[in-house]
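In what follows, a structure is listed as structure tokens, so that the remarks can point back to it.
Protein chains in written order, with the numbering used here: chain B, 11 to 198; chain R, 3 to 120.
And the structure:
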């Protein structure tokens, strides 16, 4: 039976899915691609992080996978190897975030984002190596990992800032990581 | 950021630095560069400059062999990331086009080769 709270969750997840999809499409269209396989700024991950923080891991996974599907369809990469890399990266990121999000409060959304971005790029390089059969790709791992962690830091800070400034939306919806009840970001 | 966030970032960056030896060549230098495609592996001779065409999953890719190494100059992939990668020389570097299933890297000594492109 649907409750008002569940309806609110569904609506918020839909908004975040739309946000993540638009950010992913805009990033693909406007930003020049980084010459490293699997590495990008990851603006769409802001929506996924917010979904996990406000709605929980399962809703976050739904937003992440939905975003991968929509962006893949919009950019024409849905049926190619790029889609396989995107799915692997998104799943690896979700698993990493799930691992660092407990116990609650140890890592903030920034830490979630760093862990997710690092796992994302490792998974994508692994899949790319398997797809191309070229172990030389592993040579890109150090630089890709370093760039991805910095991008994860940036997107994590943006996600934390977004949640902090939309406190009326978060009240009563869910527990937040690294954010006080009044919506102010805190550090420890 | 929490203290754990900072430690995590430091750990990831330290891991990246620890993996840096992967980016270095094996110490040997070869004049051959191998191109792995869905249909097999070809070798390019760095001492013979020019343009070479290989077949990927999305169509033909054009590679330029020059004194500075091998670069991709034309590719049918949507992102065109491979055009900004490289050059691949006999001692290091890698270019990969995931959508095309093509990669370029220094030749391994024991690589099984289908043919050599001159």
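Beta carbons are placed, not taken as given, at the ideal position from N, Cα and C, and that holds for glycine.
Remember, it's a predicted structure, so these values are computed and weren't measured experimentally.
Here residue 60/B carries a helix assignment [DSSP, helix/strand/coil]. When the Cα atoms are used, residue 52/B and residue 79/B turn out to be separated by approximately 15 Å.
The closest CA to that of residue 15/R, considering only 125/B, 34/B, 20/B, is found on 125/B. A straight-line Cα-Cα distance of about 54 Å links residue 68/B and residue 51/R.
For residue 85/B, the chain R residues whose Cβ falls inside 8 Å of its Cβ are 80, in order along the chain. The shortest CA-to-CA distance from residue 75/R to any of 56/R, 24/R, 11/R is the one to 56/R. Distances from the CA of residue 6/R to each of 174/B, 50/B, 46/B, 120/B were compared; the closest alpha carbon is that of 120/B. Leaving aside the five residues that flank residue 30/B on each side, the residues in its chain whose CB is nearer than 7 Å to its CB run, in chain order, 54, 57, 58, 73, 77. Contact of residue 88/B with chain R is not assigned, every C-beta pair being separated by 8 Å or more. When C-beta distances to chain B are compared with 7 Å, the residues of the segment 94 to 107 of chain R below that value are 96, 98, 100, 101, 103, 105, 107, in chain order. Residue environment: residue 23/R is assigned as exposed (fewer than 16 neighbouring CB atoms within 10 Å of its CB, all protein chains considered). Around the C-beta of residue 62/R, fewer than 16 other C-beta atoms lie within 10 Å, and the residue is accordingly described as exposed.
Neighbours of residue 159/B in chain R, taken as residues at a C-beta separation under 8 Å, are given in chain order as 11, 14, 15, 18.
Assignment of beta strand (DSSP E) within the segment 28 to 62 of chain R, counting only whole runs of 3 or more residues, yields 34 to 39, 42 to 47, 52 to 57 in chain order. Interface residue (Cβ-Cβ distance to chain B less than 8 Å): residue 6/R is classified as such. Here residue 71/R is bridged, per DSSP, to 68/R.
When the Cα atoms are used, residue 66/R and residue 47/R turn out to be separated by approximately 11 Å. Runs of the alpha helix (DSSP H) lying entirely within the segment 130 to 155 of chain B, each at least 4 residues long, are absent. The three-state secondary structure of residue 159/B, taken from DSSP, is helix. Put simply, the segment 104 to 114 of chain B touches the segment 122 to 138 of chain B. At least three CB pairs are less than 8 Å apart. Taking residue 96/B as the centre and dropping the five residues before and after it, the same chain places the C-beta of 78, 82 closer than 7 Å to its C-beta, in chain order.
The three-state reading of DSSP puts residue 49/B in coil, since its state is none of H, G, I, E or B. For residue 35/B, the CB contacts under 6 Å within the same chain, skipping 5 residues up- and downstream, are 81, 84 in chain order. Residues of the segment 100 to 118 of chain B that bring their beta carbon within less than 7 Å of a beta carbon in chain R comprise 116, 117, 118, in sequence order. In the DSSP assignment, residue 91/B falls within the alpha helix (DSSP H) that extends over 91 to 110. Taking 8 Å as the cut-off, the beta carbon of residue 33/B is found no closer than this to the beta carbon of residue 61/B. Within the segment 119 to 149 of chain B, the residues whose Cβ lies closer than 8 Å to any Cβ of chain R are, in chain order, 120, 121, 124, 125, 128, 138, 141, 142, 143, 144, 146, 147, 148, 149. Residue contact check for residue 87/R against chain B: a CB pair falls below 8 Å. Scanning 149/B, 166/B, 163/B, 115/B for the CA closest to the CA of residue 20/R turns up 149/B. Under a 10 Å Cβ-count criterion, residue 97/R is classified as buried, with 16 or more other Cβ atoms of the shown protein chains found around its own Cβ.
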